[in-house]
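Visitor:
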Amino acid sequence: MLSLLERVGRQIELRLAGPLDEPVRRNMYVELWVSIAYGAFFAASISFIPVVLRRMGASPDLLAVYTSQQFLGSSLASLSIIVMRRRRTMNVVVACWLLGRATLLLWAFVTQTGWMIVLSAIFWLLEAFPAPGYTRILIKLYPPDARGKIMSLVRMGRVGAILLITPVAGWALDLWGYRLLFPLAGLVGILSALHFLRLRVDEGQLPARQTKALRDLFGILRQDRRFARFLLSFSVYGAGTLLSWTLYPLVQVDRLHLTYSQIGLLGLAQSVVWLLGFLYWGRQVDQRGGLWVLRMNTLINLIIPLAYYFAQSPWMLLPAFIANGITIAGWDMGAINATIQLADEERVTEYAALQSTMLGLRGMFFPFVASGLLRVGVSINHIFLISLVLIGLSWWLFGTVQQVAPTPEQMANQRRLRYQWPLRWRFPRM
Numbered sequence: 227m228l229s230l231l232e233r234v235g236r237q238i239e240l241r242l243a244g245p246l247d248e249p250v251r252r253n254m255y256v257e258l259w260v261s262i263a264y265g266a267f268f269a270a271s272i273s274f275i276p277v278v279l280r281r282m283g284a285s286p287d288l289l290a291v292y293t294s295q296q297f298l299g300s301s302l303a304s305l306s307i308i309v310m311r312r313r314r315t316m317n318v319v320v321a322c323w324l325l326g327r328a329t330l331l332l333w334a335f336v337t338q339t340g341w342m343i344v345l346s347a348i349f350w351l352l353e354a355f356p357a358p359g360y361t362r363i364l365i366k367l368y369p370p371d372a373r374g375k376i377m378s379l380v381r382m383g384r385v386g387a388i389l390l391i392t393p394v395a396g397w398a399l400d401l402w403g404y405r406l407l408f409p410l411a412g413l414v415g416i417l418s419a420l421h422f423l424r425l426r427v428d429e430g431q432l433p434a435r436q437t438k439a440l441r442d443l444f445g446i447l448r449q450d451r452r453f454a455r456f457l458l459s460f461s462v463y464g465a466g467t468l469l470s471w472t473l474y475p476l477v478q479v480d481r482l483h484l485t486y487s488q489i490g491l492l493g494l495a496q497s498v499v500w501l502l503g504f505l506y507w508g509r510q511v512d513q514r515g516g517l518w519v520l521r522m523n524t525l526i527n528l529i530i531p532l533a534y535y536f537a538q539s540p541w542m543l544l545p546a547f548i549a550n551g552i553t554i555a556g557w558d559m560g561a562i563n564a565t566i567q568l569a570d571e572e573r574v575t576e577y578a579a580l581q582s583t584m585l586g587l588r589g590m591f592f593p594f595v596a597s598g599l600l601r602v603g604v605s606i607n608h609i610f611l612i613s614l615v616l617i618g619l620s621w622w623l624f625g626t627v628q629q630v631a632p633t634p635e636q637m638a639n640q641r642r643l644r645y646q647w648p649l650r651w652r653f654p655r656m
């Protein structure tokens, strides 16, 4: 029976990831188990925190604080380059994850929303802070021609765990409450971080250009106009999604009165398409590139605020949860690979740090814009309409970014067109 399962597993691996060298294959399986454990941790804790906060009496402003603090670590990610200068990248990444996930153990003693927000801030700071380091490790782990397929297989393990755990976690929250479930989830998250240490990766030293002063980091935007336009598109998309994302718990709790179990069942549907999404987007990343994947997912994301706009019953949110599952997979695969593919080969860590910083800054700002609009009398549905306009604009902007670096002749042509503005200027074609 064991040999049969091994043969079946091997066939699935060959079909999804293709033939791999043994060191790459070993690392893939190590990260797969890390991903499965993280999925269980996420499903039993992080995915329910906004609803727990609202049930405990958190105001829209406090929910905006929680939403913004999810980007706290990303906004400071550029500083991780300094931390990694004389330390092993792997050690920095795992130390941050261990300390951050350990905060879930303290939820056993917390009953006030203020302290929940404090613990959440510490978690999100430490979880996202080492993101550029993880990008660097990822480049070293897997070959470029198979990276998308391997990443999709690894992340399918995470989503498979979320698929199984989310409905059970919703039931457990209704029955036992967060003070028991969240600490148990924290233990699983800690085990996931420790298992990450089993990866065998030769990190090498950070290239000299990647250890410059932070004031030079934003010089990338002046030197690489293509990446600057990519970050602009990325930021407009984030503005659109975050304006509405902050308000989703209000619709779920105040308008529709969802129970944890109902949210768990909707999350189950989301996880199914999330899992299948990795099968598709992983191959598209290798065939078409991360930028194409991002643009397609931007279009699909329009469904989410539209569904919340019309929702009058719990199951009217089903299209939103399905679309969210598709786009979580797409953005997970597309964003990191688009950055790798657009970046200067010698400065990938810097590019990743810059992207994380921009991600964090937009994430910390726009949730407060949403709560501010509510405070001055703008309705939730009108904010959803604003989100739709911004997401649509970002889809157009992504289409103006060249996926392949322009040749010197193309760059000269772009400069010529720029000088002709406003009479005949147009965006260069992809």
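If you read the sequence shown in my numbering, its first letter stands for residue 227, the second for the next number, and so on. C-beta: ideal position from N, C-alpha, C; glycine also. Keep in mind the model is a prediction, meaning the values are calculated, not measured.
Which one of T485, D247, I548 has the shortest CA to CA distance from Y534?
Guide: By 1-based counting over the sequence shown, the position of residue 534 is 308. Per the Cα distances, I548.
Visitor: Helix, strand or coil, according to DSSP, for A334 in the structure here?
Guide: Position 108 of the sequence shown, counted from the first residue, corresponds to residue 334. DSSP places A334 in helix when its eight states are reduced to three.
Visitor: Can you give me the start and stop residues for the alpha helix (DSSP H) that H608 sits inside?
Guide: Here residue 608 refers to the residue found at position 382 of the sequence shown. Where H608 is concerned, the enclosing alpha helix (DSSP H) stretches over 606 to 624.
Visitor: Suppose you measure from the CA of G374 to the CA of F610; what does that come to, to the nearest Å?
Guide: What you label residue 374 is simply residue 148 of the sequence shown in a count that begins at 1. What you label residue 610 is simply residue 384 of the sequence shown in a count that begins at 1. The straight-line gap from Cα to Cα measures roughly 33 Å.
Visitor: For M310, does the count of other Cβ atoms within 10 angstroms reach 16, so buried, or fall short, so exposed?
Guide: Within the sequence shown, numbered from 1, the residue matching residue 310 stands at position 84. Residue environment analysis places M310 among the buried positions, since at least 16 neighbouring C-beta atoms fall within 10 angstroms of its C-beta.
Visitor: Taking C-alpha atoms, which residue in A419, I530, G326 lies nearest to W350?
Guide: One-based indexing of the sequence shown puts residue 350 at position 124. Checked all of A419, I530, G326; the closest Cα to W350 is G326.
Visitor: Kindly indicate the opening and closing residues of the alpha helix (DSSP H) around V627.
Guide: As a position in the sequence shown, residue 627 is number 401, starting the count at 1. Looking at the DSSP string, V627 is not in any alpha helix (DSSP H), and its letter there is neither H nor E.
Visitor: Just to confirm before moving on: does the CB-CB distance between V427 and L367 stay below 8 Å?
Guide: Locating residue 427 in the sequence shown gives position 201, where the first residue counts as 1. Locating residue 367 in the sequence shown gives position 141, where the first residue counts as 1. Yes.
Visitor: Out of D450, G493, C322, which one is the CA nearest neighbour of I391?
Guide: Against the sequence shown, residue 391 aligns to sequence position 165. The option with the nearest alpha carbon to I391 is G493.
Visitor: What number of angstroms, rounded off, separates the C-alpha of L599 from the C-alpha of L469?
Guide: On the sequence shown, residue 599 is found 373 positions in, with the first residue counted as 1. On the sequence shown, residue 469 is found 243 positions in, with the first residue counted as 1. Each residue's alpha carbon lies about 9 Å from the other.
Visitor: Our contact map puts I562 next to T361 with C-beta atoms below 8 Å; I'd like the distance itself, whole angstroms only.
Guide: Within the sequence shown, numbered from 1, the residue matching residue 562 stands at position 336. Within the sequence shown, numbered from 1, the residue matching residue 361 stands at position 135. That pair is a contact at about 6 Å.
Visitor: Is it true that the CB of G415 sits closer than 8 Å to the CB of Y264?
Guide: Locating residue 264 in the sequence shown gives position 38, counting from the first residue. Locating residue 415 in the sequence shown gives position 189, counting from the first residue. Less than 8 Å divides the Cβ of Y264 from the Cβ of G415.
Visitor: For D400, count neighbouring C-beta atoms within 10 Å of its own C-beta (all shown protein chains included) and say buried if the count is 16 or more, exposed if not.
Guide: Taking the first residue of the sequence shown as 1, we reach residue 400 at position 174. D400 comes out exposed.
Visitor: In its own chain, which residues sit with a C-beta less than 6 Å from the C-beta of G383, not counting the 5 before and 5 after it?
Guide: On the sequence shown, position 157 is the one that residue 383 refers to. Only L258, S261, I262 meet the Cβ criterion.
Visitor: DSSP three-state label for V462, please.
Guide: Position 236 of the sequence shown, counted from the start, is the residue given in the question as residue 462. Helix at V462.
Visitor: Assuming M316 contacts I363 under a Cβ cut-off of 8 Å, what Cβ separation, rounded to an integer in Å, is found between them?
Guide: Walking along the sequence shown from the start, residue 316 turns up at place 90. Walking along the sequence shown from the start, residue 363 turns up at place 137. Right, the Cβ-Cβ distance comes to about 7 Å (below 8 Å), so this counts as a contact.
Visitor: Within its chain, find whatever has a CB closer than 7 Å to the CB of N550; leave out the 5 residues flanking it on each side and keep chain order.
Guide: As a working note, residue 550 is residue 324 in the sequence shown. The answer, listed in chain order, is Q496, I530.
Visitor: Flag this pair as yes or no: are the beta carbons of L580 and V462 separated by less than 8 Å?
Guide: By 1-based counting over the sequence shown, the position of residue 580 is 354. By 1-based counting over the sequence shown, the position of residue 462 is 236. At the C-beta level, L580 and V462 stay beyond 8 Å of one another.
Visitor: CB A578 to CB A290, shorter than 8 Å?
Guide: Taking the sequence shown and counting its residues from 1, the one referred to as residue 578 is at position 352. Taking the sequence shown and counting its residues from 1, the one referred to as residue 290 is at position 64. Cβ distance not < 8 Å, so A578 and A290 don't count as in contact.
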